[in-house]
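Going by my numbering, the sequence shown opens with residue 657, and the numbers climb by one from there. Backbone N, C-alpha and C fix where the C-beta goes; we use that ideal spot for every residue, glycine too.
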Amino acid sequence: MAGAGQGADLTSLTAHDMGIGLRAGRFSSRELVSAHLDVAERQNQALNAWLAIDWEGALAQAYAADARLAAARADGSGRPRAVGHHPLLGVPVALKDLISVRGGPTTAGSRILEGYLAPYDAHITERLRDAGAVILGKTNMDEFAMGSSTEHSAYGPTANPWALDRVPGGSSGGSAAAVAASHAPLALGTDTGGSIRQPAALCGIVGMKPTYGRVSRYGIVAFASSLDQVGPFARDVRDAAMLLHAVAGRDERDATSAPVAVPDGLLALPDDDAAATILRGKRIALPREYFVAGMETGVEARVREAVAALESAGARVEEVSLPHTEYGLATYYIVAPAEASANLARYDGIRYGRHVAADPPDVLANYLRTRGEGFGREVKRRIMLGTYALSAGYYDAYYLKAQKVRTLIKGDFDAVWSAGFDAIVAPTSPSVAWPFGAKLSDPVAMYLSDACTLPVNMAGLPGLSIPCGLSDGLPVGLQFIGGPWQELELLRLARGYEAITATADWRGARPTSFAAADDSAVPSPAERVRR
Ligand code: GLN
């Protein structure tokens, strides 16, 4: 029986250790999953990390995983992998609510998809089912993944488990908060301009945006199709690598998913002793433009300390220039809204999702009412920006120009790889988690929080954020950026950094609002914002 004490212990394990415990029969997937569902449910009032918690479905998947685990033990191998099972068998996972799960809700954080049930599984949902991972439910997000704070969700904001009056980052804020608060050891999000790395940084966990094309987008609600990528959240690098391994790979149904082999090395990252030596002799570039104006001094200090730690471990860090970085934001806010305006045209109130009839009803009036009521302010702002940038007469001046600058941004990175660097190291976010409302009335201030992550999406590269300390008691993220398809290399570097900082004081720090989040009388984030 899992008592309360054991339940708490189970949720604090890494996914890696959960897998080991499951295979050894120390606990069942049912116990593991119940322990997570309990805490998710109990803390959802305070955090609003979940839009749907699927008790029934999760327990059914857990029973099925337990049966597969028992069969593997019975055949004497004791190692489910030996009989073709993935190490995630029986391990819980949370999904951002824009990933389709057949028969379940998928709102993308929007009223316009309220009540919509996905008719099929996303490719990555199928992959998780094949691996035997247990899907706990769907997490909160900025509407259509547009935002950096999760305050643009139509279902109320998510709170940061480190400080309940602060944002968790966004747009995948629900996934990041759920993992930071141990509601799940693993979660999936999407990153179009920073939406995995930035919330990972603000919540003190690991988050990775893979190379564009590494993970299929089939069954993922589209925001900006040339930038969107799915990727993992976890509390350590090994776990993130395991989840990436489960979902990555070619899918015929997404023409942009690449036929590039997924390295099995993702499942064999070294332990601390071996990992500490990984950094020796690595050449790492430090782009001076990433220390952007307005960066908090505490953030800059933690990042510089991390760079010094990499150097002491034998890495050669050299300052470089990525001269087009300053145009990243402006070009992103042409390209992303342009693609979004096209993608969001499908929400017409006729084919699926919300339908609001006008009075008197008529096709155009219904369309305008449906979209007028169904979309929030930020989404409307993006649709207007995007349609403007694509309109006749402005296309060449804005969209075409932005695509050219995009090529220059990619060229900056190419020069770094040609010069023989193994990776780039940089801050993830210029600031730590900010109080609710602080950037809501100033869209540009909100947009600026992605200044260090956007260029990576523009160039299609893999990027990862890993905790590197605290500033004012709040987590700071360190970003590693790699060449195309270098996920394993990046994860190994991050694993090296994790190993050399394994005994740092801040490593032991846990989300400080944990006890407060357990109190059912605590106000919800939406109530807290209203006060
Ligand atoms: N914050 C950025 C935006 O609002 C990026 C969001 C994302 O990566 N989905 O567009």
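Can you say whether residue 995 is buried or exposed, counting buried as having 16 or more other CB atoms within 10 angstroms of its CB? buried
Which same chain residues, not among the five before or five after residue 1073, have their C-beta less than 6 Å away from its C-beta? 1139
Nearest candidate by alpha-carbon position, reference residue 1081, set 1124, 1095 and 1035: 1124
Near residue 925, which residues of its chain fall below 6 Å by C-beta distance, leaving aside the five closest residues on each side in sequence? 894, 897 and 1151
So is residue 776 buried or exposed if we call it buried at 16+ other beta carbons inside 10 Å? exposed
Is residue 889 near ligand 1, going by C-beta to nearest heavy atom under 7 Å? no
Given the structure, does residue 997 come close to ligand 1, in the sense that its CB is under 7 Å from one of the ligand's heavy atoms? no
If you run the structure through DSSP and keep just helix, strand and coil, what is residue 971? coil
Beta-carbon separation of residue 1188 and residue 700 under 8 Å? Missing from the structure shown is residue 1188; the chain here goes from 657 to 1187 and no further.
Residue 870 classed as buried or exposed, judged by whether at least 16 other C-beta atoms fall within 10 angstroms: buried
At least 3 beta-carbon pairs within less than 8 Å: the segment 1102 to 1114 vs the segment 1165 to 1181: no
Cα-Cα separation, residue 1021 to residue 1014: 6 Å
Residue 1127: first and last residue of the uninterrupted beta strand (DSSP E) it sits in: 1119 to 1127
Report the CB separation of residue 803 from residue 1029 in whole angstroms; it is logged as a contact under 8 Å. At roughly 19 Å, the Cβ-Cβ gap does not stay under 8 Å, so residue 803 and residue 1029 are not in contact.
Check for me: the alpha helix (DSSP H) holding residue 678 runs from which residue to which? 671 to 680
Under the rule that 16 or more other beta-carbon atoms within 10 Å means buried, what is residue 1040, buried or exposed? exposed
Mapping DSSP to helix, strand and coil, what is residue 940? strand
At a threshold of 7 Å, does residue 1106 count as lining ligand 1 (C-beta to nearest heavy atom)? yes
Judging by CA-CA distance, which residue of 1132, 975 and 1144 is the nearest neighbour of residue 855? 1132
Confirm the yes/no value for this check: CB of residue 879, any heavy atom of ligand 1, distance under 7 Å. yes
Reduced DSSP secondary structure (H/G/I, E/B, other) of residue 1041: helix
Counting only the same chain and skipping the five closest in sequence on each side, list residues whose C-beta sits under 6 Å from that of residue 1058. 987, 990 and 991
Please state whether DSSP places residue 748 in a helix, a strand or coil. strand
Let me confirm a value: residue 1091 is counted as buried when at least 16 other C-beta atoms fall within 10 Å, else exposed. Which label applies? exposed
Any chance the CB of residue 846 is under 7 Å from a heavy atom of ligand 1? yes
Considering only residues of the segment 1037 to 1105, which uninterrupted beta strand (DSSP E) runs meet the minimum length of 3 residues and lie entirely inside it, listed in chain order? 1079 to 1083
Taking the alpha-carbon positions, what's the residue 944 to residue 962 distance? 15 Å
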